[in-house]
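Structure, as structure tokens:
Spelled out as structure tokens, the structure:
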């Protein structure tokens, strides 16, 4: 892999909730344009980390820079350059597809002709043009998730954070979801994704495996399998997770 | 700034799409106004009286007929026994028992002050004192006239002071002129404040607020975008309520409506800002509602909706300086009924403006995009 | 998971209890509200007038008018704060609210009183607060009358009739007899009905109701488990209010305490069934809240005889008030506490309340079944 531009840099990130240490001294770098996976069991600290990076949570300590901006003092600048999709569906159920897109586009500062063009573009990319006036609540879950993803991308961010984006959807929808991820990555967007599906780890350029708030391994899937002498990421993960106190 | 407009537009879409909330927002308050303004009255219209007449003379019957003729009293027949009449009080069928003892007529003939006993159900202290006042004035007038007629002497009249009382602004002492603006204040505040407070915390509960928090929107833009839609609804509600009040209760509108609405505008920033502050420090709708409800009850009761604030104890008057409803209650009545102008309500206007600015800044400050 | 049914039920009820008790803020309000409200009603919301600001326009300025002014001032009802010099000043002083009443003496007051045997005073009140206005006018009138008879040797017998009045039940005409039962009704109604409605609507809104419904618990047990904690809280609140009424405000307890508690219990159940009913017709917490808030708070305060006597209302509203659950509760507790009557005098109220419970519960169960099928 050729030398790439660093887009996220984290040094000694610590996040405590009272006594509980959710993120214990995380240090890693993410390069521009790669798909960076965060793997771990529930409660391993993935969501905490992704929420800190996207500016939803204050870190306890550590040096963090996202898209070239400081995570303490330049949070709004970070937010203008990233997209975020939460594991909990968070579009407005009582608004239509088009109204949701329009609203978030407006919040990100798009307006007038540009906004209109972007809405049409998104709708046709999603093949949802004919459903644009349907309420979100009437859509199947897979569609909702793809829509959430597109809306997180509405302002063409440099980095997109996806927190367990494929939770609860069927394998076919998951497959098409990953196609969307690859296509934005090919256009140069950095993708930061958390998941607990080990097969999805194979789709990532590099993965980090988190156990009990710590980073246990960080490398490309192929290298990880080699290092741990395993056939699949699943095996790698099971080996590492055995060390967990909570498992 | 454009982001604010997008939030406002979104809120309106959501409000008008919710078919259950629409009638609650626009219809329920008006129905309430209609019913409650009629219910809230202290005017005594009817006092039930039972008379136990032991004298059973011409004069005693004449006394009773005076009560019968009065519009205040309805005579409830009773057996000739005090115990039986008291039974009627027990079972709430009569409010007042008048006992005319034996020798009533004889006393009058002999120019001795005749005796009458009144037994008043005084669970409602205020009603009881009114019932007593009305009945004793009938009795006094009756015996005075008899005495004057009987004596037919022109005794040296003592000097008197004649008082002429006039009731300004509301010469017929219509209670609805007092209550309709008061109830309107409560309804507008409830609708505006609760809708705002619940709206923000609902987004928290449903998780949609995350998607907004991750955008570069400024805190003040978000708070103002949330406030404006409900501000407009509350202002509309006030206008609608005033119209209903004017058409159905004929409430006076003597002052400038521009002045009233300017004041209401500032007041609503305060009330709605309070709602937003509350919701940004709460985690569930249940919590918000409960706290809001508590403050609402305290503020309403202290605001002088039923009673004069000047007669309240000192600590209550000091408290009222930070009670938004106290100011609005006072100003709406002053402007509508008395035609007060800006200089009459200047102090209230300044106080509410200061409170509003403080509250709004606090709401913006307390709203955190990170947790 | 192998627990027997009753254990599961209690576990569920306990979970609800913990849910309420974990939230300190709500808890503080649940117990602070009745106390705050009693204190406000006891000390703040009174119909007595004292220290009303008045203005004086004394066109005479002689010793008699000044003497009357100081008599008005010493009564405790009035404080003369503003002295006017012309009729034109009357309007602004009333309009701005600086004075609630203006007393106008005619010129040569003393001379007219002693020579012509009649002096005139004009009382102008701000009737934008009609009750206050008429009370002020009455107080002023009676002070002026007694002033007149004190100052002009009055030969006429003071009263041509000897009226003996006995105020039954409440000889000192205290307002506590109205507001303690009313506060109790308001708090119990809102706490139980509103909290029940909202907590059930919350489960529906957040989708957790479905989870509960597929659990082995019976739907009736779920609802029961949810409302049980509120019954407990409401009952404790009722006791606190009664205790405060009894100790701080000297409310008598002339009837049977057991009967009183029974009536309160029936009312709490009634409020609960109303809450359950509201929750079956509301999809979201917001709807449930506005229904309970607007539909219960103001009507409980204004249509139940709590603040405004029902007898004074228009006939239609008297009928409407018969549909208000708190009306019957207030009437029953007044009868028991103040009149000291037994069951013979409150069976009607009890029967009506039980009828309402049956009505709301039947309706809710019907609604619920429709939703399930």
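Protein chains in written order, with the numbering used here: chain A, 342 to 588; chain B, 7 to 377; chain C, 365 to 737.
The beta-carbon is built from N, C-alpha and C at its ideal position, and this holds for glycine as well.
Note that the coordinates shown come from a computational prediction; the quantities given were computed from them, not determined experimentally.
Contact of residue 415(C) with chain B by beta-carbon distance below 8 Å involves 316 and 317. Between the alpha carbons of residue 583(A) and residue 365(A) lies a gap of roughly 18 Å. With contacts defined by Cβ atoms closer than 8 Å, residue 368(A) and residue 383(A) do not form a contacting pair. Within the model, the alpha-carbon separation for residue 35(B) versus residue 192(B) is close to 10 Å.
By the beta-carbon neighbour count (other beta carbons within 10 angstroms, threshold 16), residue 504(C) is buried. The distance from the Cβ of residue 122(B) to that of residue 86(B) is about 16 Å, inconsistent with a contact at the 8 Å cut-off. In the DSSP annotation of this structure, the continuous segment of the beta strand (DSSP E) that includes residue 361(A) starts and ends at 361 to 372. Listed in chain order, the non-local C-beta contacts of residue 727(C) below 7 Å within the same chain comprise 641, local neighbours out to five positions each way being set aside. Under the three-state reduction of DSSP, residue 355(A) is assigned to strand. Between residue 408(A) and residue 499(A), the C-beta gap is smaller than 8 Å, which places the two residues in contact. Its chain contains no residue whose beta carbon lies nearer than 6 Å to that of residue 540(A) once the 5 sequence neighbours on both sides are disregarded. Residue contact with chain B for residue 566(C): present (Cβ-Cβ distance below 8 Å to some residue of chain B).
Chain order gives the chain C residues near residue 46(B) as 666, 671 and 672, where near means a beta carbon separation below 8 Å. Only those residues of the segment 478 to 499 of chain C whose C-beta falls short of 7 Å from the nearest C-beta of chain B are listed: 478, 481, 482, 483, 484, 485, 486, 487, 488, 489, 490, 491, 492, 493, 494, 495, 496, 497 and 498. Contact annotation for residue 395(A) against chain B: 220 [CB-CB distance below 7 Å, chain order]. Every unbroken stretch of the alpha helix (DSSP H) spanning 4 or more residues and falling wholly within the segment 165 to 225 of chain B is given here in chain order: 182 to 212 and 214 to 219. In this structure, residue 443(A) sits away from residue 474(A), with a CB-CB distance that is not shorter than 8 Å.
The Cβ atoms of residue 443(C) and residue 468(C) do not sit closer than 8 Å to each other. For residue 223(B), the neighbours in chain A by C-beta distance under 7 Å run, in chain order, 448.
For residue 54(B), the secondary structure class from DSSP, reduced to helix, strand or coil, is strand. Residue 559(C) and residue 128(B) have their C-alpha atoms some 35 Å from each other.
Under the three-state reduction of DSSP output, residue 544(A) falls in the coil class, being neither helix nor strand.
Listed by position along chain A, the residues whose Cβ is nearer than 7 Å to that of residue 213(B) are 427, 429 and 431. Straight-line measurement puts the Cα of residue 398(C) at about 19 Å from the Cα of residue 689(C). At a cut-off of 8 Å between beta-carbon atoms, residue 420(A) makes contact with chain B. If only uninterrupted beta strand (DSSP E) runs of at least 3 residues are considered, those enclosed by the segment 372 to 437 of chain A are 376 to 381, 402 to 407 and 423 to 426. Between residue 346(B) and residue 282(B) the beta-carbon gap is near 30 Å, outside 8 Å, which marks them as no contact. The continuous stretches of beta strand (DSSP E) do not include residue 486(A), which lies in the alpha helix (DSSP H) extending over residues 482 to 493. For residue 183(B), the number of other beta carbons within 10 angstroms of its own is at least 16, and it is reported as buried.
C-alpha of residue 286(B) to C-alpha of residue 372(B): approximately 7 Å in a straight line. Under the 8 Å criterion on CB atoms, residue 461(A) is classed as non-interfacial with respect to chain B.
A contact between stretches requires three or more CB pairs, one per stretch, nearer than 8 Å, and the segment 68 to 75 of chain B fails this requirement with the segment 210 to 227 of chain B. Only those residues of the segment 241 to 259 of chain B whose C-beta falls short of 7 Å from the nearest C-beta of chain A would be listed, and there are none. Excluding the 5 residues flanking it on each side, residue 417(C) has same chain C-beta neighbours closer than 7 Å at 443, 445, 462, 463 and 464, in chain order. Shortest Cα-Cα distance from residue 279(B) to any of 234(B), 269(B) and 305(B) involves 234(B). Rounded to whole angstroms, the separation of the alpha carbons of residue 607(C) and residue 124(B) is 33 Å.
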